[in-house]
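In what follows, a structure is listed as structure tokens, so that the remarks can point back to it.
In the working numbering, the protein residues as written are 3 to 180.
This is the structure we're talking about:
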């Protein structure tokens with residue numbers, strides 16, 4: 003059982019698995035702001051197809067967002083995406099990733115990863131691109147988390163049940179945040 007504060011939680015996994023929804027629900031429950039996914043903001047403002055260099059810019063900004071929220075008096079910090087997402091994105095799409103991003107994901111200060119499983123309906127979004135690869139991508143995320151011996155919890159079932167399952171997991175493993 004964990005007792006330190008704050009608890010840093012990274013929500014991770016393939017696209018369209020409810021990461022942002024879960025971040026929003028948890029932030030409302032705990033009366034805190036969550037750290038948003040910068041990629042969405044960046045890509046929505048881009049007037050052309052994104053490139054490898056764009057993903058690097060996204061990574062730099064996301065890394066800054068993560069590190070700018072390390073010193074807080076909140077009991078819990080929630081990241082709606084983190085550096086593992088960018089690491090997997092770059093390797094899956096381009097077959098390469100800068101060493102600093104690999105090191106950033108391995109060393110980011112996250113106490114618990116909420117790994118979202120692709121068992122909810124895939125929602126179309128013009129920014130999404132892998133509707134048929136979700137299980138494969140999930141396996142890549144889980145393999146990386148296991149390889150680095152990271153603490154993670156697999157988030158499954160319908161959206162509301164996901165939230166309830168996560169709260170129950172947190173109550174058992176991090177009771178001091180309630």
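Note that beta-carbon positions come from the ideal geometry of N, C-alpha and C, so glycine has one too. In this text the structure is predicted, and so the values were computed from the model without any measurement.
Between residue i and residue j, how many whole angstroms is the CB-CB distance? I'm expecting something under 8 Å.
i	j	result
residue 29	residue 80	6 Å
residue 173	residue 180	6 Å
Please determine, among the options, the residue with the shortest C-alpha to C-alpha distance to residue i.
i	options	result
residue 75	9, 43 and 16	9
residue 38	24, 32 and 49	24
residue 16	120, 33, 70 and 50	120
residue 101	62, 139 and 142	62
residue 109	152, 78, 134 and 43	152
residue 95	52, 77, 169 and 127	52
residue 45	137, 127 and 33	127
residue 139	117, 155, 150 and 149	117
residue 123	98, 97, 155 and 161	161
residue 175	163, 154 and 164	154
residue 78	43, 171, 18 and 32	32
residue 146	131, 91 and 129	91
residue 73	178, 7 and 171	7
residue 19	156, 169, 34 and 97	156
residue 93	144, 49 and 54	54
residue 2	36, 97 and 42	Since the displayed the chain opens at 3 and closes at 180, residue 2 lies outside it and no answer follows.
Look up residue i in the DSSP assignment and say whether it is helix, strand or coil.
i	result
residue 53	coil
residue 171	helix
residue 112	coil
residue 122	coil
residue 117	strand
Which residues in the same chain as residue i place their Cβ atom closer than 6 Å to its Cβ, once the five residues preceding and following it in sequence are excluded?
i	result
residue 158	119 and 121
residue 12	81, 84, 112 and 115
residue 106	65 and 85
residue 70	none
residue 1	No answer is possible for residue 1: it lies beyond the span of the chain, which begins at 3 and ends at 180.
For residue i, which residues of its own chain have a beta-carbon under 7 Å away from its beta-carbon, when the five flanking residues on both sides are left out?
i	result
residue 40	60, 63, 64 and 67
residue 104	89
residue 87	14
residue 137	120
Under 9 Å, Cβ to Cβ, is there at least one residue of chain D near residue i?
i	result
residue 177	Any reference to chain D falls outside this structure, which holds one protein chain only.
In chain order, what residues of the same chain have a beta carbon less than 8 Å from the beta carbon of residue i, not counting five sequence neighbours either side?
i	result
residue 168	24, 28, 116, 155 and 157
residue 178	4, 5, 7 and 77
Taking only runs that begin and end inside the region 4 to 86, name each unbroken beta strand (DSSP E) of 3 or more residues, in chain order. 9 to 14 and 78 to 82
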